[in-house]
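Structure record follows, encoded as structure tokens.
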Amino acid sequence: MQTITLNNGVKIPQLGYGTAAIGGWQADNDYVKDTILKAIELGFRHIDTASLYGNERSVGRAIQESGIPREEFFVTTKVWHTEQGAANTVHAFDRSRERLQMEYLDLYLIHWPYPEKTQETWTEMEGLLDDGLIKSLGLSNFRASDITDLLSYARHKPVYNQLELHPYFTQKELADFCTAHDIAVSCWSPLGTGEWNDTPKDEKPILDAAIAEIAAKHNVSAVQVILKWNLQSGRIVIPKSETPKNMASNLDLDGFTLDAQEITRIGSLDKGKRFGGDPDHVHDNAMAQIVPA
Ligand SMILES: NC(=O)c1ccc[n+]([C@@H]2O[C@H](COP(=O)([O-])OP(=O)(O)OC[C@H]3O[C@@H](n4cnc5c(N)ncnc54)[C@H](OP(=O)(O)O)[C@@H]3O)[C@@H](O)[C@H]2O)c1
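In this text, residue positions in the sequence shown follow our numbering: the first is 8, and each later residue adds one.
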């Protein structure tokens with residue numbers, strides 16, 4: 008599995024497996040565990056979860072049942088909005104670690120920016136990293152202003168910012184800002200097919216005519232083209248799939264290469280169209296979401 012080296016020297020598999028809402032929102036049961044186990048059996052070693060997804064137990068159980076040594080996995084989880092701040096972050100991390108049944112996390116992210124709490128949260132996370140309980144610290148949905156602010160006091164630089172990024176929402180300016188600061192870009196809802204709002208399915212990038220044309224030329228699927236566009240652009244990408252055929256196809260990206268013109272063409276499909284939450288407006292909704300015990 009192709010890796011990239013983060014700014015702290017840690018290697019991360021560029022292709023990961025997203026776990027949000029497998030089997031339904033916050034489901035945490037044998038179906039979720041078996042689905043993740045299938046993804047592992049097919050080859051995924053980088054797994055993205057979050058306390059809010061409510062499925063950390065299933066992630067931990069799948070990894071244990073796989074029989075594959077823990078060190079071969081790269082596991083990311085995230086601290087939720089209501090868990091931020093000096094008094095909460097360490098406890099939130101302990102709860103995640105307990106549910107995951109893991110001694111350490113590879114990457115711990117702040118799920119959404121909460122500027123009034125970010126410094127306290129980050130400082131707590133830095134303590135956990137100093138204690139060896141986390142290998143790398145990162146961000147999710149952080150804007151350039153949030154990152155600039157954080158860099159003014161961070162002892163440990165974030166390695167990574169996980170953003171909604173797909174051909175209809177390329178976030179070029181923010182992605183370039185991250186790259187200029189040596190912060191890797193990871194793409195959530197990379198297929199633009201996540202069901203985080205009411206956008207009709209036929210307006211999603213996997214049905215885009217230009218992508219279909221590129222896919223036909225390479226004899227691959229539109230999904231494979233989108234994933235490859237991210238990999239060749241140096242980004243990390245974490246598609247979610249519950250369908251084994253789709254999981255296998257998402258892992259099968261080595262047999263073709265997009266040329267520079269195709270990469271530019273996909274990038275130019277941007278419509279500035281978010282399918283998910285907006286960090287400028289997420290706060291009240293995020294505070295209302297409950298992390299399952
Ligand atoms: N940081 C954040 O705020 C944030 C927000 C949202 C998501 N995320 C992370 O990003 C991950 C991915 O995002 P997402 O789940 O929203 O959306 P996504 O990965 O863009 O899309 C998932 C959808 O695409 C389908 N799909 C996957 N592979 C396919 C293939 N080869 N052919 C056809 N359809 C395919 C899946 O169906 P099947 O299941 O049937 O294959 C599912 O309906 C999440 O699971 C989560 O880990 C992070």
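Virtual Cβ for every residue (Gly too), placed ideally from N, Cα, C.
Please read all numbers here as calculations on a predicted model, not as lab measurements.
The Cβ neighbour count for ALA94, taken over all protein chains shown within 10 Å, is under 16; the residue is labelled exposed. Taken through DSSP and simplified to helix, strand or coil, GLY67 comes out as helix.
Here the distance from the Cβ of LEU258 to the nearest heavy atom of ligand 1 is not below 7 angstroms. At a threshold of 7 angstroms, HIS118 counts as near ligand 1, since its beta carbon sits closer than that to one of the ligand's heavy atoms. Counted as a single uninterrupted DSSP element, the beta strand (DSSP E) harbouring PHE81 occupies residues 81 to 86. Collapsing the DSSP output to three states places ALA28 in coil. Going by beta carbons, THR84 and THR56 fall inside the 8 angstroms limit.
Looking at the DSSP output, GLN33 bridges to nothing. Between ligand 1 and GLY283, a heavy atom-to-CB distance of less than 7 angstroms is present. Under the 8 angstroms Cβ criterion, the region 237 to 245 does not count as touching the region 279 to 294, having fewer than three qualifying pairs. Per DSSP, VAL192 is one residue of the beta strand (DSSP E) stretching across 191 to 195.
Distance from the Cα of LEU158 is smallest, within the candidate group GLY279, GLU48, THR130, ALA300, for THR130. By the Cβ neighbour-count rule, ASP138 is exposed, with fewer than 16 other Cβ atoms within 10 Å of its own.
By the 16-neighbour rule on beta-carbons within 10 angstroms, TYR60 is buried.
Look at LYS247: its beta carbon is less than 7 angstroms from one of the heavy atoms in ligand 1. For ARG162, same chain residues with a beta-carbon under 6 angstroms away, outside a window of 5 residues either side, are GLU133 in chain order. Listed in chain order, the alpha helix (DSSP H) runs fully inside the region 100 to 156 are 122 to 137, counting runs of at least 4 residues.
Here TYR160 carries a coil assignment [DSSP, helix/strand/coil].
Taking 8 angstroms as the cut-off, the beta carbon of LEU198 is found closer than this to the beta carbon of VAL230.
Approximately 6 angstroms separates the beta-carbon atoms of SER196 and HIS173; this is inside 8 angstroms, confirming the contact. As a beta-bridge residue in DSSP terms, VAL244 pairs with LEU22, CYS194.
Taking a cut-off of 8 angstroms on C-beta distances, the region 243 to 254 does not touch the region 208 to 221, as fewer than three cross pairs fall below it. Remark: the shortest separation between the CB of ALA223 and any heavy atom of ligand 1 does not fall under 7 angstroms. Judged by DSSP secondary structure, ILE75 falls outside any beta strand (DSSP E); it is assigned neither H nor E.
Going by C-alpha positions, ILE29 is about 31 angstroms away from ASP183.
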